[in-house]
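Below is one structure; the comments refer to it alone.
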Amino acid sequence: MHAIIWPEQYQPGFTDNFVSNEVIEAGFGAAEVWPWLNDAARWPDYYTNAANVRFYDRAGPALTAGVGFYFETFGFPVET
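Counting from 1 along the sequence shown, just add 36 to a position and that's the residue number in our numbering.
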């Protein structure tokens, strides 16, 4: 895969907001990458624009359906 295949309704340039931080690395499968993406508490370990990750209701560190969490990126707060 050499490009992101965006769903039509989310095409860059046609949404209210768009941010992209993709990095394409050859030789890694989804099974190898998913544990790093799914463990939000570890995001600051490899992504300098993620900070202050915390979970609600004693959830985490793995992301699962319905888990609420907070983090900051580029200095902006993000709550889920």
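We put the beta carbon where it would ideally sit given N, CA and C, even for glycine.
Limits of the beta strand (DSSP E) - the one that residue i falls within
| i | result |
| --- | --- |
| Ala86 | 86 to 91 |
| Asp113 | A small correction: the amino acid at residue 113 is Pro; Asp does not occupy that position in the sequence shown. Element bounds for Pro113: 112 to 115. |
| Tyr106 | 105 to 109 |
Nearest residue (CA-CA) to residue i, options the options
| i | options | result |
| --- | --- | --- |
| Ala95 | Ala86, Thr116, Asp81, Glu108 | Thr116 |
| Phe110 | Leu73, Pro71, Ser56 | Ser56 |
| Asp75 | Pro43, Thr100, Pro113, Asn53 | Thr100 |
C-beta atoms of residue i and residue j nearer than 7 Å
| i | j | result |
| --- | --- | --- |
| Phe97 | Ala77 | Here residue 97 turns out to be Pro, not Phe, going by the sequence shown. Yes. |
| Ala86 | Phe64 | no |
| Tyr92 | Gly104 | yes |
| Glu61 | Ile40 | no |
Residue i: first and last residue of the uninterrupted alpha helix (DSSP H) it sits in
| i | result |
| --- | --- |
| Val69 | 66 to 74 |
| Pro80 | 79 to 82 |
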